[in-house]
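> Take this structure, written in structure tokens, and hold onto it; I'll ask about it next.
Protein chains: 2
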Amino acid sequence: MFNAKEETKKIIEFIKKYFVDNKLKGAVVGISGGKDSAVVTALMTKALGKENVIGVTMPCESKENDRKDAQLVAKKYDIELINVDLTDTYYTFKKQFSNITKETTNADINIKPRLRMSTLYYVASIFSNIKKGTYIVAGTSNRSEAYVGYFTKGGDSVCDIKPLINLTVSEVIKIGEVLEVPEKVLYKAPSDGLSNKTDEEKLGVSYKDIEKYLNNEKLSQDTKERIEKLHKNSLHKFIIPEYKRCA
Amino acid sequence: MFNAKEETKKIIEFIKKYFVDNKLKGAVVGISGGKDSAVVTALMTKALGKENVIGVTMPCESKENDRKDAQLVAKKYDIELINVDLTDTYYTFKKQFSNITKETTNADINIKPRLRMSTLYYVASIFSNIKKGTYIVAGTSNRSEAYVGYFTKGGDSVCDIKPLINLTVSEVIKIGEVLEVPEKVLYKAPSDGLSNKTDEEKLGVSYKDIEKYLNNEKLSQDTKERIEKLHKNSLHKFIIPEYKRCA
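So this is what it looks like as structure tokens:
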């Protein structure tokens, strides 16, 4: 049985211990307006104190409503929120490729998470200088997303601590309830904010079914195969082939 | 005993097999003008055919000579070489932070490898579209660099295949000799092209000594401790702490 109160307490202890053991000062969280980053913001604030957590919004052709929800999260936990607009950077980057091809629709989608990762590390580095102590980047991926490879290699998967990576979507929501994450954010349909689709529409499978799969509960053969295919097709994001010396 | 000819043959077989097994079409290599990317370019060309390898130069306030050396490598192995100038993107990116701080010297150094990683994946994605088959990003890190953490998390360490990761600097050079990498490139003092220092000046230890360490050869206590400290201080780049559920 998942005891959300107990797990919440333990995650906060885990974060505290890692920061103390490694003499770290603070954390940077990219706040998207979705539940995962809200829960991570809450956990970091409880573990480190609100003065040691920096939230970052990184709009890039994004929905204005998502930024408002991010502001709601920052306000709720009373942390500093920095806005870094990546739109100009994104278009400047893309312009360099205009002589190679015009067709970049599929290629485009992963640039933003990579620019966001670069931004979070840059903010962490700047604040490490200003505050005279090391700031690290907090990851927000959860177990359900990770299992089906729903993340960008070199993007949102690059981070320094993973508080939610072994918790399914429904477990993250329960943790969020304990931490009183604003309901509007906690129960919003998950979306990457990159396409105009929800995660579940893109994946072709529901988080409820992924969770059933992870818990060995009964599922239709079709759904099972769909999840296994997503997992298999994303293994290359986890396992990078290395040549081993023959002698 | 390291048999460079035999290892070269085996690396080429390893690359071929991975591409065939995973139905991949081609590889993208960021060519810096240094030995590692030159050796990887040679290996990929032998394994996949020159028509399936794309070289990319990504100057960003870089030395013009490095680009010339990259052109020499591309010419030698007769592959297509694309130039993506990242200077404008870099300055556009930095401009977004001008209201936070002026002091960004330390923070700046890691942006370029992250923009380069984003570029290589973008090129891979564009060519996958154009050529109707999957292109992946070839990594160029070697064992000596990796051991002392001499790479950027979320930057040059993000890739899809690692042909050199278990070979020391001198072994990479021997492979390069077999593959007839231009001497000017192969024997150049390694430098990241980011600072004005060579790698060895930055690390405070020579690759020769790192290699002795890795081979359990005799070293002064000071040098040994320096290498162990570099290794220990970079472990956070390899091991990301994850909260494990308590029940």
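Taken in sequence, the protein lines are chains A and B.
Each residue of the first sequence is one higher than the one before, counting from 114 in the working numbering.
Each residue of the second sequence is one higher than the one before, counting from 114 in the working numbering.
Each residue gets a CB set at the ideal place from its N, CA and C atoms; glycine is no exception.
(1) In chain A, which residues lie with their C-beta within 7 angstroms of the C-beta of cysteine 272 of chain B?
(2) If the criterion is Cβ atoms closer than 7 angstroms, does the pair isoleucine 144 of chain B and valine 186 of chain B meet it?
(3) Look at glycine 162 of chain B and leucine 194 of chain B and say whether their C-beta atoms are less than 7 angstroms apart.
(4) Considering only residues of the segment 235-269 of chain A, which uninterrupted alpha helix (DSSP H) runs meet the minimum length of 4 residues and lie entirely inside it, listed in chain order?
(5) Counting only beta-carbon separations shorter than 7 angstroms, does glutamine 209 of chain B have a partner in chain A?
(6) Does the beta-carbon distance from isoleucine 239 of chain A to threonine 265 of chain B come in below 7 angstroms?
(7) Using a Cβ-Cβ cut-off of 7 angstroms, state whether proline 276 of chain B counts as contacting chain A.
(8) Looking at the strands, I want to know which residues DSSP matches up with isoleucine 167 of chain B.
(9) Do serine 304 of chain A and isoleucine 278 of chain A have their C-beta atoms within less than 7 angstroms of each other?
(10) If distances are taken between C-alpha atoms only, which option among B:Ser241, B:Tyr235, B:Ala220 comes closest to serine 231 of chain A?
(11) Under 7 angstroms, do phenylalanine 115 of chain A and glutamate 338 of chain A count as touching if we go by C-beta distance?
(12) Please classify alanine 140 of chain A as buried or exposed, where buried requires at least 16 other C-beta atoms within 10 Å of its C-beta.
(13) Check whether the Cβ of asparagine 279 of chain A lies closer than 7 angstroms to any Cβ atom in chain B.
(14) Please state whether the Cβ-Cβ distance between valine 142 of chain B and threonine 154 of chain B is less than 7 angstroms.
(15) Beta-carbon of methionine 230 of chain B versus every beta-carbon of chain A: anything under 7 angstroms?
(16) Nearest-angstrom Cα distance between valine 261 of chain B and phenylalanine 132 of chain A?
(17) Could you check where the alpha helix (DSSP H) with serine 304 of chain A kicks off and where it finishes?
(18) Straight-line CA distance for phenylalanine 210 of chain A to valine 197 of chain B?
(19) Counting only beta-carbon separations shorter than 7 angstroms, does arginine 256 of chain B have a partner in chain A?
(20) Any beta-carbon of chain B closer than 7 angstroms to the one on valine 197 of chain A?
(21) So, does the CB of glutamate 357 of chain A fall closer than 7 angstroms to a CB anywhere in chain B?
(22) Hey, out of B:Lys207, B:Thr170, B:Leu327, B:Thr336, whose CA is closest to valine 236 of chain B's CA?
(23) So what's isoleucine 274 of chain B in DSSP terms, helix, strand or just coil?
(24) Just confirm the distance between the C-beta atoms of lysine 148 of chain B and valine 298 of chain B, as a whole number of angstroms; I'd bet it's less than 8 angstroms.
(25) Cutting at 6 angstroms between CB atoms, please list the residues of its own chain near cysteine 272 of chain A, excluding the five before and the five after it.
(26) Among residues of its own chain, excluding the 5 on either side of aspartate 269 of chain B, which ones have a beta-carbon nearer than 6 angstroms to its beta-carbon?
(27) How is glutamate 355 of chain A classed by DSSP in three states: helix, strand or coil?
(28) Any idea if aspartate 182 of chain A is buried or exposed, counting beta-carbon neighbours within 10 angstroms, 16 or more meaning buried?
(29) Chain A partners of threonine 202 of chain B, CB-CB under 8 angstroms?
(30) In the DSSP assignment, find the alpha helix (DSSP H) that holds glutamate 338 of chain B and state where it starts and stops.
(31) Run through chain B and tell me which residues come within less than 8 angstroms of glycine 143 of chain A, C-beta to C-beta.
(32) For chain A, is any of its Cβ atoms less than 7 angstroms away from the one on arginine 227 of chain B?
(33) Tell me the rounded alpha-carbon separation between glutamate 330 of chain A and phenylalanine 351 of chain A.
(34) Measure from the C-beta of lysine 426 of chain B to each C-beta in chain A and report whether the shortest distance is under 7 angstroms.
(35) Output, in chain order, the set of chain B residues within a Cβ distance shorter than 7 angstroms of phenylalanine 127 of chain A.
(36) State yes or no: is the C-beta of valine 152 of chain A within less than 7 angstroms of the C-beta of isoleucine 192 of chain A?
On the basis of the coordinates in this document:
(1) The contact set of cysteine 272 of chain B on chain A, defined by CB atoms closer than 7 angstroms, consists of Ile353 in chain order.
(2) Cβ distance < 7 angstroms, so isoleucine 144 of chain B and valine 186 of chain B count as in contact.
(3) For glycine 162 of chain B and leucine 194 of chain B, no; Cβs fall outside 7 angstroms.
(4) Runs of the alpha helix (DSSP H) spanning 4 or more residues and lying entirely within the segment 235-269 of chain A occur at 256-260, in chain order.
(5) Contact of glutamine 209 of chain B with chain A is assigned, a C-beta pair being separated by under 7 angstroms.
(6) Against a cut-off of 7 angstroms, the Cβ pair of threonine 265 of chain B and isoleucine 239 of chain A comes out as no contact.
(7) True, the Cβ-Cβ gap to chain A drops below 7 angstroms.
(8) For isoleucine 167 of chain B, the beta-bridge partners assigned by DSSP are B:Val141, B:Glu193.
(9) At the C-beta level, serine 304 of chain A and isoleucine 278 of chain A stay beyond 7 angstroms of one another.
(10) Here the closest residue by C-alpha is B:Ala220.
(11) No, these two residues do not count as a Cβ contact at 7 angstroms.
(12) When all chains shown are included, alanine 140 of chain A counts as buried.
(13) Interface annotation, asparagine 279 of chain A: in contact with chain B, CB-CB separation under 7 angstroms.
(14) It is a contact, given that the beta carbons lie within the stated cut-off.
(15) Answer yes: the Cβ-Cβ gap between methionine 230 of chain B and chain A drops below 7 angstroms somewhere.
(16) Phenylalanine 132 of chain A has its alpha-carbon roughly 23 angstroms from the corresponding atom of valine 261 of chain B.
(17) Element bounds for serine 304 of chain A: n/a, residue is neither H nor E.
(18) Taking the straight line joining both Cα atoms gives about 7 angstroms.
(19) Judged by the 7 angstroms Cβ criterion, arginine 256 of chain B is not in contact with chain A.
(20) Yes - at least one Cβ of chain B is within 7 angstroms of the one on valine 197 of chain A.
(21) As written in the sequence, residue 357 of chain A is lysine, which differs from the glutamate given in the question. Closer than 7 angstroms to the CB of lysine 357 of chain A there is at least one CB belonging to chain B.
(22) It is B:Thr170.
(23) Here isoleucine 274 of chain B carries a strand assignment [DSSP, helix/strand/coil].
(24) Going by Cβ atoms, the distance from lysine 148 of chain B to valine 298 of chain B rounds to 6 angstroms, so yes, they are a contact pair.
(25) Same-chain partners within the cutoff: Val250, Gly252.
(26) Taken in chain order, the residues that qualify are Pro226.
(27) Of the three classes helix, strand and coil, the one that applies to glutamate 355 of chain A here is strand, per DSSP.
(28) Classification of aspartate 182 of chain A: buried, given that the 10 Å Cβ count is 16 or more.
(29) Under the 8 angstroms cutoff, chain A gives Thr202, Thr205, Phe206, Gln209.
(30) Its alpha helix (DSSP H) spans residues 334-346.
(31) By Cβ distance, chain B contributes nothing, its closest Cβ being about 13 angstroms from glycine 143 of chain A, past 8 angstroms.
(32) Yes, arginine 227 of chain B lies at the interface with chain A (some Cβ there is under 7 angstroms from its Cβ).
(33) Their Cα atoms are separated by approximately 25 angstroms.
(34) What the structure shows of chain B is the stretch from 114 to 360, and residue 426 of chain B is not part of that stretch, so it cannot be assessed.
(35) Correct list: Tyr356.
(36) Annotated as distal: valine 152 of chain A and isoleucine 192 of chain A, with beta-carbon spacing of 7 angstroms or more.
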